[in-house]
Amino acid sequence: MKKLRFTFFCIFLTIGLLKSQVNTYSPYSYFGVGELENSFHPTSISMGGVNSTLSEINYVNFKNPSSYSYLELTSFEIGNKTNFSKISNNSIDQNNFTTRLSHISLGFPLSKKIGFAVSLVPFSSVGYDITSTMEDSELGTVQHTYSGEGGFNQFLIGTSWAPVKNISIGLNCNWNFGTISKNTYVSTGNSPVYFGDEIIYSIGDVNYDIGFLYNYNINDYQLKIGSVFSPEKKISSSINRSQYTYSYSNNFINVLDTISIETNHLNSDLSLPLNYSIGISLENIDSWILALDYSYTNWAISDNILWDQTTYSLVDQNEFSFGAQIVPKKDDIYNYFNTVEYRFGLSYSSGYLDLANISHENIRSTNLEQISFSFGMGLPINNLASMFHLGLKYNTTISSDDPSMINQNYLSFNLAMTLNEKWFKKIKID
């Protein structure tokens, strides 16, 4: 009971930390639901993001709920992600640093065929501060400042069932919640009174993921085929908008007069798009894994996905991931480093932002494409039952040949601890 109380304490603590932190400084987080987090298990991150077929007895792969049937121990995990990013174009060169809790998970078997898990992960992050100036013959220097912060998160509750040998199916019910605040400030050189516009978007609703996993054994090898499907879902949300005048002094905004306050004045249904992924992997048990994944997200279903009345467009996103894991000798009792899991991966994403519409220019590359390379290690502790995860991921954008468009480079450092043991034991009385 004490362990369960501690676990739920960690979950509620993580909710507070996820809501209070600034997790990105990307100007592209202005669009859509913000910068997508693509939250994966640390094993998946170090293997390029493959996740459709990852299924082990001692950790929770919350991206594919059908993997929960493979759990044999109670698995509790908490992780941290640190980002070093560089944003640049022909006029800016900016370095940023963020760190935060990345996920928390708990999973355990309910029977030999049924598994259960809960997880808390970020879905998207918003964090930008953009300023533009122009000269007006009557108003003088006019300055527009656009800032935003916040993000959306998911609390997942899932279960899976293996109706027959080597086949399992699973379901995640995801509670989507969070708040995004977007502010516009307009100031002029000829007036001490400025104009402000604040829009606060809040969501709270459920969507779901369906997972499938097939495992075919060939002597010492395992061939796995996995898939995850998430249908399009309208998410209930609320919008609060206020417009006001203010003065600015000593780095503080002093509101002078409220011009208008509106609630739910726009379409308050947020569309989470259809998504599916499919993957295949070949594994030499306790030795190596090779995995390949493909994922598709139908972002183009709604240009106004976050109730914006702008002209930018979202486009369908395609992602390809490849990953490998090698364990030199898992049962080596003399050389610890032979028992370490060494992971490698690479991935490509076509992106979901149409840069041609954002810049209103005829540029050759229209999508915010991304390429990433990753490496990581799983360091066993406590006789291989538990594990400490280390991971590095380098991600770069391929925005366009237009020098005014912003390029982003990230170096992510991922840490996680997985603790495994039997929490539920049958007591025999003679």
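Under the numbering used here, read the sequence shown as residues 1423 to 1852, first letter to last. We put the beta carbon where it would ideally sit given N, CA and C, even for glycine.
Give a yes or no on contact between the stretch 1595-1614 and the stretch 1559-1566, applying the rule of three or more CB pairs nearer than 8 angstroms. yes
Let me make sure I understand the geometry here. Which of F1766, V1615, G1618 and Y1568 has the alpha-carbon closest to that of A1746? Taking the first residue of the sequence shown as position 1, residue 1746 is located at position 324. The candidate whose alpha carbon is nearest that of A1746 is F1766.
Can you tell me where the beta strand (DSSP E) with P1544 in it begins and where it stops? In the sequence shown, residue 1544 corresponds to position 122, counting from 1. Counting along the chain, the beta strand (DSSP E) containing P1544 begins and ends at I1536 to D1558.
Whole angstroms are fine: how far does the CA of S1590 sit from the CA of S1693? To locate residue 1693, count along the sequence shown from 1; it is residue 271. To locate residue 1590, count along the sequence shown from 1; it is residue 168. Rounded to the nearest angstrom, the two C-alpha atoms are 29 angstroms apart.
With a cut-off of 8 angstroms on the beta carbons, I'd call I1621 and I1681 a contact; round off their distance for me. By 1-based counting over the sequence shown, the position of residue 1621 is 199. By 1-based counting over the sequence shown, the position of residue 1681 is 259. About 14 angstroms; that fails the 8 angstroms criterion.
Is S1451 closer than 7 angstroms to G1549 when the C-beta atoms are compared? On the sequence shown, residue 1549 is found 127 positions in, with the first residue counted as 1. On the sequence shown, residue 1451 is found 29 positions in, with the first residue counted as 1. Yes, the Cβ-Cβ distance between G1549 and S1451 is below 7 angstroms.
S1466 lies in the alpha helix (DSSP H); which residues open and close that run? Taking the sequence shown and counting its residues from 1, one reaches residue 1466 at position 44. Element bounds for S1466: P1464 to S1468.
Pairwise C-alpha distance: A1807 and F1835: To locate residue 1835, count along the sequence shown from 1; it is residue 413. To locate residue 1807, count along the sequence shown from 1; it is residue 385. Each residue's alpha carbon lies about 24 angstroms from the other.
L1801 in three-state terms, based on DSSP: If you number the sequence shown from 1, residue 1801 lands on position 379. Correct three-state label for L1801: strand.
Close beta carbons around S1772, own chain, < 7 angstroms, minus the five adjacent residues each side: If you number the sequence shown from 1, residue 1772 lands on position 350. Taken in chain order, the residues that qualify are Q1739, N1740, N1789 and E1791.
Rounded straight-line distance, which links the Cα of E1843 to that of V1482: Here residue 1482 refers to the residue found at position 60 of the sequence shown. Here residue 1843 refers to the residue found at position 421 of the sequence shown. Each residue's alpha carbon lies about 13 angstroms from the other.
Could you tell me which uninterrupted beta strand (DSSP E) segments, each at least 3 residues in length, are contained entirely in the stretch 1468-1515, listed from first to last along the chain? 1496-1510
Is the beta carbon of A1722 closer than 7 angstroms to that of L1387? In this structure the chain extends from 1423 to 1852, so residue 1387 is not present and cannot be described.
Distance between K1751 and N1757 (C-alpha atoms, nearest Å): Taking the sequence shown and counting its residues from 1, one reaches residue 1757 at position 335. Taking the sequence shown and counting its residues from 1, one reaches residue 1751 at position 329. Cα to Cα, the separation comes out at about 9 angstroms.
Quick check: the Cα distance between F1744 and P1614, rounded to an integer number of angstroms? In the sequence shown, counting from the first residue as 1, residue 1744 sits at position 322. In the sequence shown, counting from the first residue as 1, residue 1614 sits at position 192. About 57 angstroms.
Using CA atoms only, rank isn't needed, just tell me which of T1465, Y1623, E1705 and Y1670 is closest to G1572. Within the sequence shown, the letter at position 150 stands for residue 1572. Ranking T1465, Y1623, E1705 and Y1670 by Cα distance to G1572 puts Y1623 first.
Tell me W1721's beta-bridge partners as DSSP assigns them. Taking the sequence shown and counting its residues from 1, one reaches residue 1721 at position 299. W1721 pairs with nothing; no bridge assigned.
Tell me which same chain residues have a C-beta within less than 6 angstroms of the C-beta of S1384, skipping the five on either side of it? Residue 1384 is absent from the model: the chain starts at 1423 and stops at 1852.
Classify Y1616 as helix, strand or coil using the three-state DSSP reduction. For the purposes of this step, residue 1616 is identified with residue 194 of the sequence shown, where counting begins at 1. It is a strand residue.
Presumed contact (8 angstroms Cβ cut-off) between K1485 and S1466, rounded CB distance: In the sequence shown, the residue the question calls residue 1485 occupies position 63. In the sequence shown, the residue the question calls residue 1466 occupies position 44. Right, the Cβ-Cβ distance comes to about 7 angstroms (below 8 angstroms), so this counts as a contact.
Since L1635 and L1704 should fall inside the 8 angstroms C-beta cutoff, what is the C-beta to C-beta distance between them, to a whole number of angstroms? Here residue 1635 refers to the residue found at position 213 of the sequence shown. Here residue 1704 refers to the residue found at position 282 of the sequence shown. Incorrect: roughly 15 angstroms between the Cβ atoms, too far for contact.
Measure the Cβ-Cβ separation of N1831 and T1818 and say whether it is below 7 angstroms. As a first step, residue 1831 must be located in the sequence shown, where it is residue number 409. As a first step, residue 1818 must be located in the sequence shown, where it is residue number 396. Closer than 7 angstroms, so yes.
What first and last residue would you give for the beta strand (DSSP E) that runs through P1695? Along the sequence shown, read from residue 1 onward, the residue named residue 1695 stands at position 273. Per DSSP, P1695 belongs to no beta strand (DSSP E) and is neither H nor E.
In whole angstroms, what separates the C-alpha of I1828 from that of N1605? Your numbering for residue 1828 matches position 406 in the sequence shown. Your numbering for residue 1605 matches position 183 in the sequence shown. Spanning the two alpha carbons is a distance of roughly 21 angstroms.
May I ask you to list the residues that DSSP assigns as paired with P1531? Counting from 1 along the sequence shown, the entry for residue 1531 is found at position 109. P1531 is bridged to G1537.
Count the other CB atoms within 10 Å of the CB of M1556; is the residue buried (16 or more) or exposed (fewer)? Numbered from its first residue, the sequence shown carries residue 1556 at position 134. Looking at its Cβ environment, which holds fewer than 16 other Cβ atoms inside 10 Å, M1556 is exposed.
Can you look up S1735 in the DSSP assignment and give me helix, strand or coil? Here residue 1735 corresponds to residue number 313 of the sequence shown, with the count starting at 1. It is coil, neither helix nor strand.
Give the straight-line distance between the Cα atoms of V1543 and V1628, rounded to the nearest whole angstrom. As a working note, residue 1543 is residue 121 in the sequence shown. As a working note, residue 1628 is residue 206 in the sequence shown. If I take the Cα positions, the gap works out to 14 angstroms.
With 16 other Cβ atoms within 10 Å as the buried cut-off, status of P1464: Along the sequence shown, one-based indexing puts residue 1464 at 42. That one is buried.
Where does the unbroken beta strand (DSSP E) through S1649 begin, and where does it stop? If you number the sequence shown from 1, residue 1649 lands on position 227. Taken as a continuous stretch (DSSP letters only), the beta strand (DSSP E) holding S1649 covers Y1643 to S1652.
Identify which residue in E1654, S1717 and D1515 has its Cα closest to the Cα of S1474. Numbered from 1 along the sequence shown, position 52 holds the residue referred to as residue 1474. Of the candidates E1654, S1717 and D1515, the one whose C-alpha sits nearest the C-alpha of S1474 is S1717.
Is the Cβ-Cβ distance between F1651 and I1632 less than 7 angstroms? For this step, residue 1651 is matched to residue 229 along the sequence shown. For this step, residue 1632 is matched to residue 210 along the sequence shown. Yes, the pair counts as a contact, with Cβ atoms nearer than the cut-off.
For N1726, does the three-state DSSP call read helix, strand or coil? In the sequence shown, counting from the first residue as 1, residue 1726 sits at position 304. Note that N1726 has pLDDT 49, beneath the 50 cutoff, so the model's placement of it is unreliable and the number below is only indicative. N1726: coil per DSSP, three-state reduction.
Cut-off 7 angstroms between Cβ atoms - residues of its own chain near L1532, not counting five sequence neighbours on either side: For the purposes of this step, residue 1532 is taken as residue 110 along the sequence shown, with counting starting at 1. Excluding residues within five positions, the ones whose Cβ falls inside 7 angstroms are F1538.
Tell me which residues share the same chain as I1711 and place their Cβ nearer than 7 angstroms to its Cβ, disregarding the 5 neighbours each side in the sequence. Your numbering for residue 1711 matches position 289 in the sequence shown. Same-chain partners within the cutoff: S1703, E1705, A1746 and Q1747.
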